[in-house]
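First comes the structure, then the notes that go with it.
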Amino acid sequence: MNSTESVLPARTPLSRLTAGLLAVLCAGYAAGAAVGWGSSELALVMGDFGLAGAALVAALSCLAHGVAVGGHTRPAWLLFGLSSAMVAFGNGAWGWYEVVLRQPLPPDSLADYAFLLFAPLAIIGLLVLAQRPRTPAGWLCLLLDGWLVAGSLFTLSWSLALGRVAAGDGDDPLKLALGLGYPVLDILLVSLVVGLRFRSRDGNRAAVHTAMIGLALTVVCDALFTTPQFHSDYHSGELLDAGWFAGSLLLAWAPWQHGRHPSREHPSAQGSPRRRVASTFSALTPYAAAAVCTAGILYNALGGRPLDRVMLAAASTVGLALIVRQGVMLLDNLSLAQELATKEAHFRSLVQGSSDVIMIAGPSGALSYVSPAALRVYNRDPEDLVGGNLLNLVHPEDVDRVLAEVRRILARTRGARFGIGEPSARVECRIRSGEGEWLHVESTVNPYRDGLILNSRDITERVRLQAQLQHNAFHDPLTDLPNRALFAQRVRAALSAQGPVGTAVAVLFLDLDGFKAVNDTAGHQVGDELLVQAARRLQAAVRSEDTVARFGGDEFAVLVRGRLGHPQVRDLAERIRGALSEPYWIGGAELGVAASIGIAFGPDAPLPVPEPAPAAPAAPGGPGSAGNGPRKDGPRKDGSRKDRDGAAGPAASAADELLRNADLAMYQAKSRGKGRVVLYTPAMRAELDRRSELEERLRAAVREGSFTLLHQPVVELAGGRLTGVEAQARWRSAGGLLLTPAEFLRTADSGDAATRFARWLLTEAVAAAARRRADGPAAPPVPVTVRLAAERLCAPGMYETLAAALRDTGLPPELLVLEVARTGPDALADELGRRLAALRRLGVSTALAGFGAGGGSLGALARLPFDALKLDRSLVQDVAESTLTRALAGHALRLARDLGLATGADGVDHPRQVAALQELGCRRGQGLAFDRPLDELRLRRALLRRGYPVPRQPQGGPGRRPLLTPDPRTGGLAEAAGARPGAPHPGLDLPQRHAVGGPSGGPHGETAVPPA
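Given below as structure tokens:
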């Protein structure tokens, strides 16, 4: 609890209001009794029925509390309620005679018997509350203490009044019993209140004490009433009634007292002052009782009164009880001393055998005790430490902290005496050992009298282990360089630090080119050794104040801060690149790698001069080197890998952006040929954002169904027969135009969006072919060709998607042809071969499209199981005009025929190309020379015709511009003005639609295509 815990009962506002009201009532009653209430009639009413009412309130309050609250105190409160009810009945009977009947109270009335029953019921209630002894000696001491108190009070009372009362009423036994019954029972009640220990726990201590005060006040008033001086002159409404009134109200208020909060005392506090006073009072009670008894005897002896037998017997028994009590206490003290010696020996053995060092220091810090464990832990003799100052053992750098902790503990100790806080605490510091080294020590400090007691243990190994664990958490286990987390922290600190004018912060991202080949050929152990050597070269190439970190795999980073410009940082990067590109000698073999480095400057540095970038940079995250460690993810859409730091704030945001920029510049270096240094420019971010936007648009288009499917006929060049169709996707813009988004579809060659688009294209093409086949002879089925990149064909789940589409639609596998647009990297060749073999087993034909463009085509033909080969558009474009192109195309077609592959050509747009391909022996072709991509309705019409006239090259001059070639006047694609003579189909009757967005095309380079 944070609030101060008082030693007094915690009082709520309602409790304080009730106490104030009771005080006002008691003061008002006392004032009224002091002035005689103004009239004798009112005095009789207040003296009789007023006391009866107060006693009745006390009875109802105690009974209600006893019924409502359970526990061991319930019988006591019920008995207190009954005793108050007796008082209420007696006062009511007294008032009946005096007020109603207007006659004096007769002798031996019911009121006397009711008053007589008050004390026994209260005595039984006190016995219920009393804490019973647990041993026979305890019971004996309790009886002796009770008799000492009761006998002494009886002796004193007998000498003062009871003897004369007994002598005057000796002729009437009943009157004598009633006359002696009141004081004897009151004496017994007072003895219980004084001598007994009550089970007054923290929760009900205030209630029990208030009830005891109320009963004691009532007994005192009864004792005064029984004296001859008061008894002979008493009449109702006097000041004595105020004591009875206050006692009843205190007893009524007692059950509803709120207990205080339990105090949490420390053992060193030596108990609270109130407990010490209570213990002293209990110990002195027998002697005080003997003193009271002696005072009674002296009163009679000095007053010349005879000592009767009753007084002598009572005084003798009191003296005998005191002697026996002393004997019991002596035996008890001997037993306690023996027990204390045993416990002291036990604890001494525990202290001496403990592995912890126990020291006791005085207020000035002087050591008064040091346990023998100091010789084992500190390697210092405990005798040499005793008398010295504790602070002389502590490391100078830890002295101030230890002093502050000690002061705080002492302050909390003073507060703990009032229930505030815990005084103990833990302190860690360094202490000099006997060999002179500093040991890390953890001490539990507790107050001890006016000083402190320290329980210390050596935690040097634990501190070293924690330091090692912290080091491992922020350093790479292989190279011992800072890891990503520590590097990010230092970048944030560098960006937040205030430096002189011109201070720049730069981050260099490095990737080892060719490391994967070393890993695959020489093994991971050699790769690890190469990474270690590369890390050492990095550290040797940079300045001492720069930070070199390993991010995982073969990626490293360098943090540079200082008054450096772009040329100096670039020179540093070139020096690093040169150092990392030197040959590595590992296990007697020479190995070589290169380094691609990206540089990014912090926000306070001036922007660098943009570097010329390639027109169409390769997508970041393409094939590259990998390392011995976590596989690189490549830049995210925001240009960075997934950040695992989780930091927030301006410095964290700036650091994350700086790391992303350097990462992006490094991937630009790899895409431009590797082994070079590239400085980040905002254009790189803009290019990445543009590509990210295109990918998002692609996802949205696939999700919202914005793509539509067109089919371009594949024609046999020899006779014009329609032998198949190729499915091609078009993007339907918001205006209803079918656009050919060049960049949009190029974006579809990589990433998750590309795989989703490929699944959609394959599923839609198979479903459309199945619908045409289901229509029967009206539209004879022909094979449908779907072109995919090798990466898309090898994507997880693509084969299952194709098989499910064929199974769900019922399309025969022989009516599906999959064209591989490019074979992809060499690492993908094995997986591509497995996928093509699985497709062949399924019955699906495969073809290699785009032959003649790029590299690796001949190797693909040798390794991969294709059924057909299709020449690339770039090779067909000049086949009629260029002798070299014609020779290359001829050799390619001859090679395909020798391998048993069907031949075809893409981009056949001119009649002269048709003629040249016919001469070279190409079997099939597709292009604008036959027909453009058609929608479903026009495709079905073309399928019904089953063929196209083979166009012939016009005589004289070059061929006319084909369909959908660039129009130099508009920059778009021009529509043929009319049907070519002998053309198989007329031109479209729709109006000309120009390029969207003007000559430069649409917002993403889209080119308008008139709806078929």
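Residue numbers (our numbering): 826 to 1837.
Don't be surprised by glycine CBs; every beta carbon is placed ideally from N, CA and C.
Cross-strand partners of residue i (DSSP beta bridge)
{"i": "Arg1749", "result": "Glu1541 and Gly1729"}
{"i": "Asn1195", "result": "Here residue 1195 is Val; the residue named in the question, Asn, does not match the sequence. Beta-bridge pairing links Val1195 to Met1184."}
{"i": "Glu1267", "result": "Glu1253 and Arg1282"}
{"i": "Phe1381", "result": "Leu1335 and Arg1375"}
{"i": "Gly920", "result": "None, per the DSSP bridge assignment."}
{"i": "Ala1425", "result": "Val1332"}
{"i": "Leu1759", "result": "His1536"}
{"i": "Leu1416", "result": "Tyr1409"}
{"i": "Asn1214", "result": "Ala1191"}
{"i": "Glu1551", "result": "Gln1537 and Thr1610"}
{"i": "Val1503", "result": "Gly1423"}
Contact check, residue i vs residue j, beta carbons under 8 Å
{"i": "Thr1533", "j": "Glu1541", "result": "no"}
{"i": "Ala1844", "j": "Arg1698", "result": "Residue 1844 is absent from the structure shown; the chain starts at 826 and stops at 1837."}
{"i": "Ser1421", "j": "Lys1341", "result": "no"}
{"i": "Ala879", "j": "Phe1070", "result": "yes"}
{"i": "Thr1728", "j": "Leu1700", "result": "no"}
{"i": "Gln1537", "j": "Asp1756", "result": "yes"}
{"i": "Ala1331", "j": "Gly1427", "result": "yes"}
{"i": "Gly950", "j": "Ser909", "result": "no"}
{"i": "Leu1042", "j": "Cys851", "result": "no"}
{"i": "Ala1705", "j": "Arg1612", "result": "no"}
{"i": "Ala901", "j": "Leu954", "result": "yes"}
{"i": "Ala913", "j": "Ala884", "result": "yes"}
{"i": "Val1266", "j": "Arg1282", "result": "yes"}
{"i": "Arg1555", "j": "Leu1587", "result": "no"}
{"i": "Leu1631", "j": "Leu1641", "result": "yes"}
{"i": "Met1623", "j": "Arg1584", "result": "yes"}
{"i": "Leu1210", "j": "Ala1198", "result": "no"}
{"i": "Asp1731", "j": "Ala1754", "result": "no"}
{"i": "Ile1401", "j": "Leu1363", "result": "yes"}
Burial state of residue i, where buried means 16 or more other Cβ atoms lie within 10 Å
{"i": "Pro1098", "result": "The predicted model places Pro1098 with a pLDDT of 48, which falls under 50 and marks its position as unreliable; any figure quoted below should be read in that light. Flag for Pro1098 reads exposed."}
{"i": "Pro1806", "result": "Low confidence applies to Pro1806: its pLDDT is 35, below 50, so where it sits in the model is not reliable, and the reading given next is rough at best. Exposed: under 16 other Cβ atoms inside 10 Å."}
{"i": "Thr1683", "result": "In the sequence as presented, Thr is not what sits at residue 1683; that position holds Leu. By the neighbour-count rule (16 or more Cβ atoms within 10 Å), Leu1683 is not buried but exposed."}
{"i": "Ala1140", "result": "buried"}
{"i": "Ala1374", "result": "buried"}
{"i": "Leu1123", "result": "exposed"}
{"i": "Gln1323", "result": "exposed"}
{"i": "Ser1193", "result": "exposed"}
{"i": "Phe1172", "result": "exposed"}
{"i": "Ala1440", "result": "Note that Ala1440 scores a pLDDT of 38, beneath 50, so its modelled location is shaky; the value from the coordinates is reported in the next line. With fewer than 16 Cβ atoms within 10 Å of its Cβ, Ala1440 is classed as exposed."}
{"i": "Ala1162", "result": "exposed"}
{"i": "Lys1168", "result": "exposed"}
{"i": "Gln1151", "result": "exposed"}
{"i": "Thr1648", "result": "buried"}
{"i": "Val1434", "result": "Caution applies to Val1434, whose pLDDT of 44 falls short of 50 and renders its modelled position unreliable; the value that the coordinates give is listed next. Val1434 should be labelled exposed."}
{"i": "Gln1350", "result": "exposed"}
{"i": "Ser799", "result": "Any property of residue 799 remains undetermined from this structure, which presents the chain solely from 826 to 1837."}
{"i": "Leu1320", "result": "buried"}
{"i": "Ala1292", "result": "exposed"}
{"i": "Arg1794", "result": "Note on Arg1794: pLDDT 34, under 50, position unreliable in the model; no value is reported."}
Residue from the options whose Cα sits closest to the Cα of residue i
{"i": "Pro1774", "options": "Pro1736, Leu1764 and Glu1761", "result": "Pro1736"}
{"i": "Tyr1492", "options": "Arg1660, Pro1207, Pro931 and Tyr1505", "result": "Tyr1505"}
{"i": "Trp919", "options": "Thr1708, Val1316, Ser1061 and Leu867", "result": "Ser1061"}
{"i": "Asp1285", "options": "Leu1277, Ser1193 and Trp1263", "result": "Before going further, note that residue 1285 is Thr rather than Asp in the sequence given. Taking only the C-alpha atoms, the option nearest Thr1285 is Trp1263."}
{"i": "Gly1746", "options": "Arg1763, Arg1719 and Leu1769", "result": "Arg1719"}
{"i": "Leu969", "options": "Ala889, Gly1144 and His1220", "result": "Gly1144"}
{"i": "Gly1635", "options": "Trp1081, Gly1677 and Val1591", "result": "Val1591"}
{"i": "Ala1721", "options": "Asp1047, Leu876 and Ala1672", "result": "Ala1672"}
{"i": "Val1252", "options": "Gly1261, Ala962 and Glu1230", "result": "Glu1230"}
{"i": "Leu1306", "options": "Leu926, Pro1475 and Thr1372", "result": "Thr1372"}
Legend entry - Unbroken stretches of the beta strand (DSSP E), 3 residues or longer, contained in the stretch 1273-1352: With a minimum length of 3 residues, the continuous beta strand (DSSP E) runs that stay inside the stretch 1273-1352 are 1276-1283 and 1329-1338.
Legend entry - Completely contained beta strand (DSSP E) runs for the stretch 1641-1689, where each covers 3 or more residues: The beta strand (DSSP E) runs of length 3 or more contained entirely in the stretch 1641-1689 are, from start to end of the chain, 1641-1645 and 1670-1676.
Inset, instruction - Could you name each continuous alpha helix (DSSP H) segment of 4 residues or more that falls completely within the stretch 1587-1627, going from the start of the chain to the end? - result: Positions of the alpha helix (DSSP H) runs, each at least 4 residues long and wholly inside the stretch 1587-1627, are given as 1615-1618 in order along the chain.
Legend entry - Complete alpha helix (DSSP H) runs within the stretch 873-905 (minimum length 4 residues, chain order): Within the stretch 873-905, the complete alpha helix (DSSP H) runs of at least 4 residues are 876-893.
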